[in-house]
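Residue 75 is where the sequence shown starts when you use the numbering used here, and the numbers rise one by one after that.
Think of the CB as a built atom: it goes at the ideal place given N, C-alpha and C, for glycine as much as any other residue.
Have a look at the structure below, then the notes.
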Amino acid sequence: MKISIGGQDYAAALDASRPLQIVRRLNEPTACEFTLSLPGDGSLALPLRMAPVAVEGDDGTTYFTGYVAASPLPEYAGLALDGPRYRHALRAVSDELLLDQAAMSPSRGIAGLDAGAAMAKLAVHSGSAALSTDDLVLADPIAKFVPEPGAVFSKSAGQLAAQARASYRAAGGALTLAEIPAAVHRLAEEDGTLALAHLSLDSGKGRGLANDVTVCGAHEPAAYITEYFVADGVTAQFNLAEPPYFEPAGRSPFISELFNEPAINSSQWSVRAGGDYFGLGAPGLLMKGGSGYDGQTAVTWLDPVEMGGTLLLEAEGLTLADASTGIVGGFFTGAQTAPECVAGFQAAAQQGTGAVSLQPVVLGSASGAIFNVDPAHQYTLRIRVHCPEMQRRQNTYLACGDEGPIVSGGDEVASHAKLLFEIQEFVNGVAGMPVTLYDGEVSHLPSACWVVAASSLNLHGSLRALRLASLGSCWVTTMAPNQTAITRRLGAVAQAAECSLERAGRLVFYTGFLPGAGEQIAVRYRGVHRSVGRAVNAESQQALSGTAAPVSSWIGSVTAPPTRSSADCRNAAAALAQAAASAGARLSGTYQATSLDLGADVRPGDALALDAPSCGLDAQVVVRRVTLSYKASAPDVLRYTIAFANDWADDLAIRTSDSVPADAWLPAPVSPVVLQNLSDITIAVSDDTVAVSPGVAPPPGGGFEVRRRDYAFLPGEDTDLLLRGAEAQLVLPRLSANDRFYIRMFDGATPPNYSEFSAAVFLNLPIAEGTGNRE
């Protein structure tokens, strides 16, 4: 055995009274502990903190690479002829210690990347390039991963790897990520490779079979509500009928970059073309030209963001010199070229004069009004995006059962979106009124985008700051009598907004922006509901039909991957219902062997294929922890203690909790078939009617159902039912000044299936004389 510390072999100094021990845990740093008795002649120096350590067998197998975690302390060993002698206990930690020592730059989430690419982003967030990321090629998609605030690299890397049902390693100066099992080690009774005396099986967490699983999740956006008010020219505050949905603050997209550091922060920004064309100075981000090739010169936020809810992107303090060309402040997909610009501001130079103008870019095409810029003035550019869907891709839930791998979820949530572009000019520090350049809608918004501060063909100028904020799920328009609706700028006063929506559900118009008397105010937002899902393993229940208890239920929560919606809960429940009903998924235990018995090194994330016909055991189990123990021997003999557990014996890719929220509606329906939600209805309100256009065709034999209250949709006639039909426009009579209408689509099944959430119309408007019931 070779024990190399700082390039020197310390094997001869290994204290024989205490074995060298290497402890490996799945998706955690590996620890190596041993004790040195250094020679009195000083030929081997006492290792210092962060000295590199490598443990290598005589056959070339590398068992450990890492660094001394702390300076070793002396332990009195006895008195020798030449004086007192001391032992020094060393503890080394695997290579990710280099990244754990660095402060991770904060991240509000990585959306829409494969697991390998997301892991590479985490490494960049550490600010250290000590470990190679070239081998991070695992292509399993990650819908969204949000690191815990303040977590070190290894903790976030372990959580990300677990979400992909993978194992990460930091060894030999490189990071790797592999699906579980990374390797399979066959141990069979018949050929003597499995020693039954050294095998111990147990029940892990002690959970029994479950074939009826209910999963509770977070609060989710529910009904698609459009609420109407009428302005009187004086009232500035309007209380919504229901609290609006807001993403939890720590999980919503957020960027606040002032470009005031000595250099561009490489742990937050990716810079294409290097420092030749971008730098930092007193005005902020300096733009000094470009390569002339689209997409080759850009400053991009490190993490792609989820395009859900209402987002506000601001590029502040922009100056552009004549002849500037490129895109400033935009959302991009793919290679981040102009055709892949979802929304941004395009700078174009007039031929001959070089005068620069700005125009919105929508889905790769110039759209909206053109604004001529003055190189002596500063500008703030703003893009407001409103997507009615908050979650743009469902999480994927992975497990393994008796029939093999289990995959549930991962579908993209398609959505349209509304866009509002504006520009605000500043002359000598005095702000002008924002000018709207584009107010429109796109039929499809990508689920995740890159935020680009500047993509330069030939941009010359500076950018003071770039900010991205989530404004919840709200969008506000107002309409004067006999006029068309206009979009109101939502946000804070510093964002040149006209109104704000508080989390408590109060809409506030700022001074100077109150709607005039008689103006109709329309507020679009999502309601709030506790997510829950249930799945049943019918095959398991059928197989157990002759027993005393064919149904065995489990109710709890799933904490990772996060269950953000009822769809996530149903997908998690479906995966767990398959795994928890599998005999193999409940296996756990330990196995002891030597390196001579195994023939190959065993690591967490590998699998043991156990074959023991004498006890009917034929199963594959996932290695969770490996402890290696070594005392000097020739040839090398290492003792392995291997702990294993499958998915239901101990949580692996799906992390569970027995807690059940008090506001969960139970029992949940079993794997319901849900139809498309009516997220884009068109509404026309008059004094005595409400005309609703669903915007989609109903399924064969189905239509649209309108009720007075939500979560009461069912076939038949009752007092809550207002209308059931398949017309392209639903005309509803107004009954009071505070009408509430809930609309869902249904199909021709028996009983019918419905949309998961309602499109709701809430009215706070006076009605015509002689209409409805008035007090």
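For G369, is the classification buried or exposed, using 16 other Cβ atoms within 10 angstroms of its Cβ as the cut-off for buried? Its Cβ being crowded by 16 or more others within 10 Å, G369 is buried.
Would you tell me roughly how many angstroms separate the C-alpha atoms of V289 and C643, rounded to the nearest one? C-alpha of V289 to C-alpha of C643: approximately 5 Å in a straight line.
Extent of the continuous beta strand (DSSP E) run through N838: First-last of the beta strand (DSSP E) with N838: 833 to 838.
Which value, in whole angstroms, describes the spacing of the CA atoms of L147 and Y160? Put simply, the backbone Cα of L147 is about 9 Å away from that of Y160.
So, with DSSP's three-state summary, where would you put M464? DSSP places M464 in coil when its eight states are reduced to three.
Report the rounded CA-to-CA distance for L684 versus L268, giving the unit in angstroms. Taking the Cα positions, L684 is about 7 Å away from L268.
Decide if G403 is buried, meaning its Cβ has at least 16 other Cβ atoms within 10 Å, or exposed. So G403 ends up on the buried side.
Cα-Cα separation between N751 and T384, rounded to whole angstroms: The alpha-carbon atoms of N751 and T384 are separated by roughly 19 Å.
Spatial neighbours of K492 within its chain, please: CB distance less than 7 Å, with the 5 preceding and 5 following residues excluded, ordered by chain position. So the list reads H460, E515, W549, once near-sequence residues are dropped.
Beta-ladder partner(s) of D156, from DSSP: Answer is none; D156 lacks a bridge partner.
State the CB to CB distance for the pair S547 and P295, rounded to an integer number of angstroms; the pair is presumed to be in contact (CB under 8 Å). That belief holds up - the Cβ atoms of S547 and P295 are roughly 6 Å apart, short of 8 Å.
Below 8 Å, can you find three or more Cβ-Cβ pairs linking the segment 193 to 200 to the segment 384 to 397? With a cut-off of 8 Å, the segment 384 to 397 and the segment 193 to 200 do not count as touching, because too few Cβ pairs lie within range.
Span of the beta strand (DSSP E), counted from its first residue to its last, around R818: Run containing R818: 814 to 820, per the beta strand (DSSP E) assignment.
Three-way DSSP call (helix, strand, coil) for K195 in this model: Helix at K195.
Over the uninterrupted alpha helix (DSSP H) stretch that includes E916, give me the two end residues. No answer is possible for residue 916: the residues shown for the chain start at 75 and end at 849.
Would you tell me roughly how many angstroms separate the C-alpha atoms of N847 and I841, rounded to the nearest one? Because the pLDDT of N847 is 41, which lies under 50, any placement of that residue in the model is unreliable, and the number read from its coordinates should be weighed accordingly. Cα-Cα distance, rounded: 10 Å.
If you count every other CB in all the chains shown that lies within 10 Å of the CB of S688, and 16 or more means buried, which is it? By the neighbour-count rule (16 or more Cβ atoms within 10 Å), S688 is not buried but exposed.
To the nearest angstrom, how far is it from the Cα of F787 to the Cα of G822? F787 and G822: Cα-Cα distance of roughly 14 Å.
Report all residues from its chain with a CB closer than 8 Å to the CB of P449; omit the five preceding and five following residues, and keep chain order. Counting only Cβ-Cβ distances below 8 Å, and skipping sequence neighbours, we find T393, L394, A395, D396, V430, G535.
For P413 and S439, I'd like the C-alpha separation in whole angstroms. Cα to Cα, the separation comes out at about 7 Å.
Residue closest to G776, alpha-carbon to alpha-carbon, out of A646, Y584, L749: Checking every option, the nearest Cα to that of G776 belongs to L749.
Distance, D725 Cα to K416 Cα: It is worth fixing the name first, because residue 416 is Val in this sequence and not Lys. Between V416 and D725, the C-alpha separation is close to 39 Å.
Using CA coordinates, which residue listed in E380, N339, L804, P678 is at the minimum distance from A833? When each option's Cα is compared against that of A833, the closest is L804.
Among all the DSSP beta bridges, which residues are the ones paired with W524? Paired residues: F406.
Enumerated in chain order, which unbroken segments of the alpha helix (DSSP H) with a length of 4 residues or greater are wholly contained in the segment 222 to 253? Under the rule that a run must span 4 or more residues, the alpha helix (DSSP H) segments found entirely inside the segment 222 to 253 read 227 to 237.
Would DSSP call N313 helix, strand or coil? Strand at N313.
Mind checking whether R713 and T664 have CB atoms under 8 Å apart? No, these two residues do not count as a Cβ contact at 8 Å.
To the nearest angstrom, report how far apart A506 and S326 are at their CA atoms. Residue identity differs from the one stated: residue 506 is Gly in this sequence, not Ala. Spanning the two alpha carbons is a distance of roughly 30 Å.
Measuring only the C-alpha atoms, how far is K76 from E130? Straight through space, the alpha carbons of E130 and K76 are spaced by roughly 5 Å.
Touch check for the segment 719 to 737 and the segment 654 to 663: three-plus C-beta pairs under 8 Å? With the cut-off at 8 Å, the segment 719 to 737 and the segment 654 to 663 touch.
Helix or strand or just coil, what does DSSP make of G601? Strand at G601.
According to the Cβ coordinates, are A727 and Q237 closer than 8 Å? Against a cut-off of 8 Å, the Cβ pair of Q237 and A727 comes out as a contact.
Contacting residues, own chain, Cβ-Cβ under 8 Å from F227 (five flanking each side not counted): Excluding positions up to five away in sequence, the list reads E170, L173, D174, A176, M178, L196, A197, H199, S200.
Under 8 Å Cβ to Cβ from F333, same chain only, skipping five residues before and after it: list those, please. Answer for F333: L354, G358, L359, L537, R538, A539, L540, listed in chain order.
Would you list the one or two residues that DSSP bridges to L110? Beta-bridge partners assigned by DSSP to L110: L88, H162.
Proximal residues to P555 (C-beta, below 6 Å), its chain only, five neighbours per side dropped: Here the set comprises G592.
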